[in-house]
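Taken in order, these protein sequences are the chains called R and B. Position one of the first sequence corresponds to residue 11 (our numbering), numbered consecutively onward. Position one of the second sequence corresponds to residue 11 (our numbering), numbered consecutively onward. Each residue gets a CB set at the ideal place from its N, CA and C atoms; glycine is no exception.
There are 2 protein chains.
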Amino acid sequence: MAIPMLPLIVRALRLCGALCLAILSLGAGVASASDAPPPVVVDADGTVHVPAMAVPVSSMLSPEAKHYMNDHLHDMQNPEKVKQRGGVPVFMEPYLAEAKAAFAYTMREHRVGGVRVFDYAPKAGVAPRNAHRVLINLHGGGFMGCFPGCAELEAIPVAALGKVRVVSVDYRQGPDYRFPAASEDVALVYRELLKSHRPEQIGIYGCSAGGMLTGMSLAWFQKHDLPRPGAVGIFCAGLTSSANGFGGDADYMTAAVGEARPAPAWPTTTPPTWTALPYFKDTDPKDPLVSPGSSDEVLRRFPPTLIITATRGFELSSAVKTHTRLVALGVPAELHVWEGLFHGFFYKPDMPESREAYDVILKFFDRNLAR
Amino acid sequence: MAIPMLPLIVRALRLCGALCLAILSLGAGVASASDAPPPVVVDADGTVHVPAMAVPVSSMLSPEAKHYMNDHLHDMQNPEKVKQRGGVPVFMEPYLAEAKAAFAYTMREHRVGGVRVFDYAPKAGVAPRNAHRVLINLHGGGFMGCFPGCAELEAIPVAALGKVRVVSVDYRQGPDYRFPAASEDVALVYRELLKSHRPEQIGIYGCSAGGMLTGMSLAWFQKHDLPRPGAVGIFCAGLTSSANGFGGDADYMTAAVGEARPAPAWPTTTPPTWTALPYFKDTDPKDPLVSPGSSDEVLRRFPPTLIITATRGFELSSAVKTHTRLVALGVPAELHVWEGLFHGFFYKPDMPESREAYDVILKFFDRNLAR
Chain R
11 MAIPMLPLIV RALRLCGALC LAILSLGAGV ASASDAPPPV VVDADGTVHV PAMAVPVSSM
71 LSPEAKHYMN DHLHDMQNPE KVKQRGGVPV FMEPYLAEAK AAFAYTMREH RVGGVRVFDY
131 APKAGVAPRN AHRVLINLHG GGFMGCFPGC AELEAIPVAA LGKVRVVSVD YRQGPDYRFP
191 AASEDVALVY RELLKSHRPE QIGIYGCSAG GMLTGMSLAW FQKHDLPRPG AVGIFCAGLT
251 SSANGFGGDA DYMTAAVGEA RPAPAWPTTT PPTWTALPYF KDTDPKDPLV SPGSSDEVLR
311 RFPPTLIITA TRGFELSSAV KTHTRLVALG VPAELHVWEG LFHGFFYKPD MPESREAYDV
371 ILKFFDRNLA R
Chain B
11 MAIPMLPLIV RALRLCGALC LAILSLGAGV ASASDAPPPV VVDADGTVHV PAMAVPVSSM
71 LSPEAKHYMN DHLHDMQNPE KVKQRGGVPV FMEPYLAEAK AAFAYTMREH RVGGVRVFDY
131 APKAGVAPRN AHRVLINLHG GGFMGCFPGC AELEAIPVAA LGKVRVVSVD YRQGPDYRFP
191 AASEDVALVY RELLKSHRPE QIGIYGCSAG GMLTGMSLAW FQKHDLPRPG AVGIFCAGLT
251 SSANGFGGDA DYMTAAVGEA RPAPAWPTTT PPTWTALPYF KDTDPKDPLV SPGSSDEVLR
311 RFPPTLIITA TRGFELSSAV KTHTRLVALG VPAELHVWEG LFHGFFYKPD MPESREAYDV
371 ILKFFDRNLA R
């Protein structure tokens, strides 16, 4: 606490007593780099009252990622940047320009099984090892937007670097459509691709809502007696939900450092809902078709599963919990967590950490899909 | 904010102006479950001013783990509980009693290569598949204590459940000894075991300081032309350090929710040191023998490596960064992160999450060690 403030604070304390004592001592940690930190209070039920703190950008990031983390936090507080223009959030426009400049690919818009897709391939053609393989991409966007923005950023680097075909599905979303519209669309595309591919040659992956939908699709396939695909990737997601995101500690711990927004209030006076997404209105969180993480029976039948998250990702808890559960059930599941980065960090392609993630994704599918 | 306080706060504000405005708005989030959360301020350099928040025990934990997390937080604030009696922190005494009651094992204290060890075996004898295998355990304790407490809690479940011999090393520690005393002791034990085992039949693992020492030992073996062991486990640790722990976001984000202590102040006026541990006094963080995470050349030569951490573990950032780096260098490395738990959570054996961790550890060594 800066010394000149001290007499004023003492006077403020005299005015409002014990509550202000708590308030002022909490504030002290933020107002200066005091060496007398505010206390941590733990309630009888284990709720931790975390004092205010200042958290620098992680020292472990590459210079590019430090810059990017900083930009992202400021973007998230700028209403103009989070708007979407033509299915692309404004803050993603430069990342999309980067991707289009950095990678040589082709894209063909058409219909597969009656569903609109963006069908990506490397410009020089798919690698011989991938001649019979195909990846289905399920884009992010909270089941209410971000097509084609998220789809392009998830599909272009994978198609170009992996020299593999990627079919990105424009599945039906909220608020116009509700569950199970998206699962039906994925199944239509999958059924059509099964006419030309063995299931073990098909991989499915997606980020955020697309990661959830990847898990939901596996449950849907099980229910409708479709064969299981060769491997899947659940990125920027886990297979649980909450009113505040994906559930667990990350709902609280990553809100400020990952998205520059306050943590949800706890305890809360609003009645709990299992998800805030309109697409899931009136669904039952115990239904494994919407919440596959709730069913060991469904999870047990998953193919090899790659899970990608980051320490500032609000999906962190759900992602690691999904991994732990899959492993306990005997599913070959792989977890990769990037330090100091956030939900969907690899949407910016021109960054060492994103390149690491692409490499992990490509090697995983190459190891696990049949030729 | 409770209504009766409001006039007092307005008066306090008049006294100290803008600073108090920030302080009071920050305090409001803690004082009540207000639906108007305090703002998140992001500095130009990306530092995030995280408002105070209340974080409940993770809803994703087992009932046993919820109880345990709560106990741990209260224990950490109780000076009597963190004291050590005979090399066992008081809060660990019940966990040790649990381990001794739950598992059938034998322990023989003797010397291997001149170094004192606790040599564990399952009471019914090692499994035939493990007849030629041995695990070296390097216990936690910040290089200044916790032998035999940490050693027993790391070795007994593994020896008993895995039906495998575990040699836990009483390596020299600070403040009486300094680097490289511990590395020398591990090498003495390893050299002696190499007389009766092939290196690929030997695994090494440890938690916290023992996880760091596992990595340091690999660097030491490389330097001294010792063969590399078959597989290693770096638990509750990563291969980087900081003045506040293991470095990265977790230094800040996990302090309150994992250990019930305040996050370090940022920016700090104290000169940065690379580690606060006396054992490392006067060492150079660029020396891969003390900080193997700093050297790609050393990491590249690691054997298959299992990394275990938890979302409230102050080693989280270092652990995931170490994993990411190993993977990028082509080392077969596996990461497992337990949601909602803390540094060394599996020291309590009678808990589903600990049993999951033991299972992961045992399967990893069984897959990766030669018979």
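Determine the chain R residues that contact His59/B at a beta-carbon separation under 9 Å, and present them in chain order.
-> Reading the second sequence from its first residue, position 49 is the one you call residue 59/B. Neighbours of His59/B in chain R, taken as residues whose beta carbon is under 9 Å from its own, are Val40, Ala62, Met63, Ala64, Val65 and Ala266 in chain order.
Any C-beta of chain B sitting closer than 8 Å to the C-beta of Val100/R?
-> Residue numbering aside, residue 100/R sits at position 90 when the first sequence is read from its first letter. For Val100/R, not one C-beta of chain B is nearer than 8 Å to its own C-beta.
Have a look at Pro104/R, Val67/R, Asn147/R and Val51/R and flag the residue whose alpha-carbon is nearest the alpha-carbon of Met86/B.
-> Counted from its first residue, the second sequence places residue 86/B at position 76. Of the residues Pro104/R, Val67/R, Asn147/R and Val51/R, the one whose Cα lies closest to the Cα of Met86/B is Val51/R.
Beta carbon of Glu366/B, beta carbon of Thr334/R: below 8 Å?
-> The count along the second sequence starts at 1 and reaches residue 366/B at position 356. The count along the first sequence starts at 1 and reaches residue 334/R at position 324. In this structure, Thr334/R lies closer than 8 Å to Glu366/B by Cβ.
Report the residue ranges of all alpha helix (DSSP H) runs contained in full by the segment 200-239 of chain B; include only those spanning at least 4 residues, in chain order.
-> The alpha helix (DSSP H) runs lying completely inside the segment 200-239 of chain B and spanning 4 residues or more are 219-233, given in chain order.
Indicate whether at least one CB of chain R lies closer than 8 Å to the CB of Asp195/B.
-> Against the second sequence, residue 195/B aligns to sequence position 185. No, its Cβ sits nowhere closer than 8 Å to a Cβ of chain R.
Taking buried to mean at least 16 other C-beta atoms within 10 Å of its own C-beta, is His234/B buried or exposed?
-> Along the second sequence, one-based indexing puts residue 234/B at 224. Burial call: exposed.
By Cβ distance, which residues of its chain are closer than 7 Å to Phe290/R, with the 5 residues on each side in sequence left out?
-> On the first sequence, residue 290/R is found 280 positions in, with the first residue counted as 1. Residues Phe189 and Val300 of the same chain have their beta carbon placed closer than 7 Å to that of Phe290/R, with the five preceding and five following residues left out of the count.
List, in order along the chain, the chain R residues whose C-beta lies closer than 7 Å to that of Lys93/B?
-> Position 83 of the second sequence holds residue 93/B. Under the 7 Å cutoff, chain R gives no residues; its nearest Cβ is about 19 Å from Lys93/B.
Using DSSP with H/G/I as helix, E/B as strand and the rest coil, what is Asp390/B?
-> In this structure chain B extends from 11 to 381, so residue 390/B is not present and cannot be described.
Smallest Cα separation from Cys156/B: which of Met361/B, Gly268/B, Ala260/B and Val98/B?
-> Here residue 156/B is taken as the residue at index 146 of the second sequence, counted from 1. Closest option to Cys156/B, Cα to Cα, is Val98/B.
Terminal residues of the continuous beta strand (DSSP E) containing Met117/R?
-> Along the first sequence, one-based indexing puts residue 117/R at 107. That run of the beta strand (DSSP E) goes Tyr115 to Val122.
Limits of the unbroken beta strand (DSSP E) element including Ser178/B | The residue given as residue 178/B occupies position 168 in the second sequence. Counting along the chain, the beta strand (DSSP E) containing Ser178/B begins and ends at Val176 to Val179.
Using the beta-carbon count (16 or more within 10 Å), is Gly240/R buried or exposed?
-> One-based indexing of the first sequence puts residue 240/R at position 230. Note on Gly240/R: 16 or more other CB atoms within 10 angstroms of its CB, so buried under the neighbour-count rule.
What does a CB cutoff of less than 6 Å around Glu344/B pick up in its chain, not counting 5 residues either side in sequence?
-> As a first step, residue 344/B must be located in the second sequence, where it is residue number 334. Shown here for Glu344/B: same chain residues with a beta carbon closer than 6 Å to its own, the five before and five after excluded, namely Leu316 in chain order.
Hey, is Met361/B's beta-carbon within less than 8 Å of any beta-carbon in chain R?
-> Indexing the second sequence from 1 puts residue 361/B at position 351. Chain R, which has no Cβ nearer than 8 Å to the Cβ of Met361/B, makes this no.
Just grab the DSSP bridge partners of Gln87/R for me.
-> One-based indexing of the first sequence puts residue 87/R at position 77. Its beta-bridge partners do not exist; DSSP assigns none.
According to the neighbour-count rule (16 or more other Cβ atoms, all chains shown, within 10 Å of its Cβ), is Gly340/B buried or exposed?
-> Numbered from 1 along the second sequence, position 330 holds the residue referred to as residue 340/B. Answer is exposed; the Cβ neighbour count stays below 16.
Assign Lys358/B to one of two classes, buried (16 or more other C-beta atoms within 10 Å of its C-beta) or exposed (fewer than that).
-> The residue given as residue 358/B occupies position 348 in the second sequence. By the neighbour-count rule (16 or more Cβ atoms within 10 Å), Lys358/B is buried.
Neighbour flag for Tyr130/R against chain B, beta carbons, 8 Å = Here residue 130/R refers to the residue found at position 120 when the first sequence is read from its first residue. Chain B has no Cβ within less than 8 Å of the Cβ of Tyr130/R.
Three or more beta-carbon pairs under 8 Å between the segment 171-179 of chain B and the segment 243-251 of chain B, yes or no?
-> Output reads no: the segment 243-251 of chain B does not touch the segment 171-179 of chain B.
Gly268/B, DSSP secondary structure in three states = Reading the second sequence from its first residue, position 258 is the one you call residue 268/B. Helix at Gly268/B.
Buried or exposed by the 16-neighbour rule on C-beta atoms within 10 Å, applied to Pro362/B = Against the second sequence, residue 362/B aligns to sequence position 352. Burial call: exposed.
Beta-carbon contacts of Pro288/R that lie in its chain and below 8 Å, excluding the five residues immediately before and after = Sequence index remark: in the first sequence, residue 288/R carries index 278 (1-based). Excluding sequence neighbours, Pro288/R sits near Phe153, Met154, Gly184, Pro185 and Arg188.
Please report how far the alpha carbon of Gln232/R lies from the alpha carbon of Met70/B, in whole angstroms.
-> Walking along the first sequence from the start, residue 232/R turns up at place 222. Walking along the second sequence from the start, residue 70/B turns up at place 60. Looking at the two C-alpha atoms, the distance is approximately 25 Å.
For Met263/R, the three-state DSSP class (helix, strand or coil) = Looking up residue 263/R in the first sequence gives position 253. In the displayed model, Met263/R falls within a helix according to three-state DSSP.
Indicate the three-state DSSP secondary structure (helix, strand or coil) for Leu106/B in the structure shown.
-> The residue given as residue 106/B occupies position 96 in the second sequence. Here Leu106/B sits in helix by DSSP.
Beta-carbon neighbours of Leu5/R, restricted to chain B and to distances below 7 Å = The requested residue 5/R does not occur in the structure, where chain R is confined to residues 11 to 381.
Could you tell me which residues DSSP puts in a beta bridge with Trp276/R?
-> Sequence index remark: in the first sequence, residue 276/R carries index 266 (1-based). DSSP, once it has assigned bridges, lists no residue as partnering Trp276/R.
Establish whether the CB of Glu366/R and some CB of chain B are separated by less than 8 Å.
-> Along the first sequence, read from residue 1 onward, the residue named residue 366/R stands at position 356. Taking Cβ atoms only, chain B reaches closer than 8 Å to Glu366/R, which makes this a yes.
Any beta-carbon of chain R closer than 8 Å to the one on Ala43/B?
-> In the second sequence, residue 43/B corresponds to position 33, counting from 1. With a pLDDT of 45 at Ala43/B, under the threshold of 50, the predicted position of this residue should be treated as unreliable, though the coordinate-derived value follows. Yes - at least one Cβ of chain R is within 8 Å of the one on Ala43/B.
Where in the segment 44-85 of chain B do unbroken runs of the beta strand (DSSP E), each at least 3 residues long, occur, reported from the N-terminal end onward?
-> Contiguous beta strand (DSSP E) elements confined to the segment 44-85 of chain B occur at 58-60 and 63-65, taking only those with 3 or more residues.
Under three-state DSSP, which class holds Pro288/B?
-> Looking up residue 288/B in the second sequence gives position 278. Residue state for Pro288/B is assigned as helix, using DSSP reduced to three classes.
Which of helix, strand or coil DSSP assigns to Val136/B = Along the second sequence, read from residue 1 onward, the residue named residue 136/B stands at position 126. Coil.
Under 8 Å between the Cβ atoms of Pro158/B and Phe113/B?
-> Here residue 158/B is taken as the residue at index 148 of the second sequence, counted from 1. Here residue 113/B is taken as the residue at index 103 of the second sequence, counted from 1. No.
Inter-stretch contact (C-beta, 8 Å, three-pair minimum) for the segment 130-149 of chain R and the segment 206-220 of chain R = Contact holds: three or more Cβ-Cβ distances are below 8 Å.
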